[in-house]
Structures are given as structure tokens and as C-alpha cells.
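Notes follow once the structure below has been shown.
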Amino acid sequence: MDRLHTDDLVHVLKMLSEAGLPVSGVIELADHFLVVKEGAVVVGAGVIEVRGSDGLVRSIVVHPAYRGKGVGQMLVKSLVSGTKRDLYLLTETAEQFFVRFGFELVSREEAPAKLRDSEEFRCLCPESASFMKRRVRPIIS
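Note that the numbering used here has the sequence shown beginning at 161, numbered continuously upward.
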């Protein structure tokens with residue numbers, strides 16, 4: 161797991177585009193992306209976009225040759241571990257995948273205002289996309 165380097169951005173944009181995922185806003189979030197590499201090649205990427213006190217998990221993508229090999233799982237675990245924010249996401253195809261990480265389906269009406277103002281929420285993801293939330297887990301000492 162590594163932070164996105166400038167040289168990797170073109171590969172991440174290509175993977176997102178080929179997977180049919182939005183690329184709008186990715187360049188602005190580049191400094192916050194996590195990537196998984198096989199040697200020098202990016203095989204997975206994702207980011208949490210901070211929206212007020214919450215986070216929007218977005219742009220989770222795994223190269224087709226590496227799907228089903230734990231890359232996505234490792235990526236999502238790294239992104240969500242230790243966060244002190246409620247996390248949200250929109251997905252058209254991976255609802256069951258995200259359930260494994262504590263995300264649950266919620267109504268779009270539950271979305272915080274700052275999240276509803278995001279480009280992803282307003283126009284990049286269709287109304288038919290599942291809206292999911294992962295609540296902050298209290299720390300038990």
C-alpha cells in the first residue's frame with residue numbers, strides 16, 4: 161500500500177475509465193489516494209473524499225487481472241481502518257462487497273448536506289446507485 165505518485169495518476173485514471181467509474185475530481189484528490197502495486201504497476205486504487213465531518217469513499221478500482229485476489233479487500237481495509245468519520249459511498253455493482261466492511265444500505269435522504277453537494281452525489285452516480293453508510297465504531301477500552 162502506498163500513496164499515489166504523480167507518475168501513477170495516468171494509470172489510475174485509465175483503470176477508472178475502463179471500469180466505467182467517474183474520473184471527475186480525481187486529479188484534485190490525487191494527494192489522498194492509496195494505491196496497491198505489483199512491482200511498479202498500479203493494480204488497485206481508492207480514496208476517501210472528506211466532506212465536512214464525513215467521508216465519501218470513491219474511486220475504488222482494481223485492475224481486472226487482479227480482481228478476486230484480495231487487492232480490493234486490502235485497499236478498503238486500509239482506507240477505512242482508523243477513520244474517525246462516518247463513511248458513505250455510492251455503488252452500482254459492489255454493494256455486497258462493501259457490506260463485508262460494515263457498510264449498510266441507507267436512504268439517500270440520510271445523506272449529510274455536504275455529501276449531497278458533492279459532484280459524485282449530484283450528477284456522477286445515477287439515482288439507481290446504492291447509497292451506503294459505515295458508522296464510526298466506538299473505541300472500547
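Where a beta carbon is used, it is the ideal one built from N, C-alpha and C, also for glycine.
A quick note: this is a predicted structure, and the numbers were derived from the prediction, not measured.
| message | Here's the rule I'm using: 16 or more other beta-carbon atoms within 10 Å means buried, otherwise exposed. How should Leu164 be labelled? | response | Per the 10 Å Cβ criterion, buried.
Here's the rule: buried if 16 or more other CB atoms are within 10 angstroms of the residue's CB, otherwise exposed. What is Thr251?
So Thr251 counts as buried.
- To which residues of the same chain is Val236 closer than 6 Å at the C-beta, ignoring the five residues directly before and after it? Phe261.
Are the CB atoms of Ser184 and Glu279 within a distance shorter than 8 Å? Closer than 8 Å, so yes.
| query | Do Leu181 and Ser219 have their CB atoms nearer than 8 Å? | reply | Between Leu181 and Ser219, the gap from beta carbon to beta carbon is short of 8 Å.
| task | Please list, in chain order, all residues of the same chain as Glu198 whose beta carbon is under 8 Å from its beta carbon, the five residues on each side excluded. | result | So the list reads Tyr226, once near-sequence residues are dropped.
request  = Could you check what DSSP says for Met175 in three-state terms: helix, strand or coil?
outcome  = DSSP places Met175 in helix when its eight states are reduced to three.
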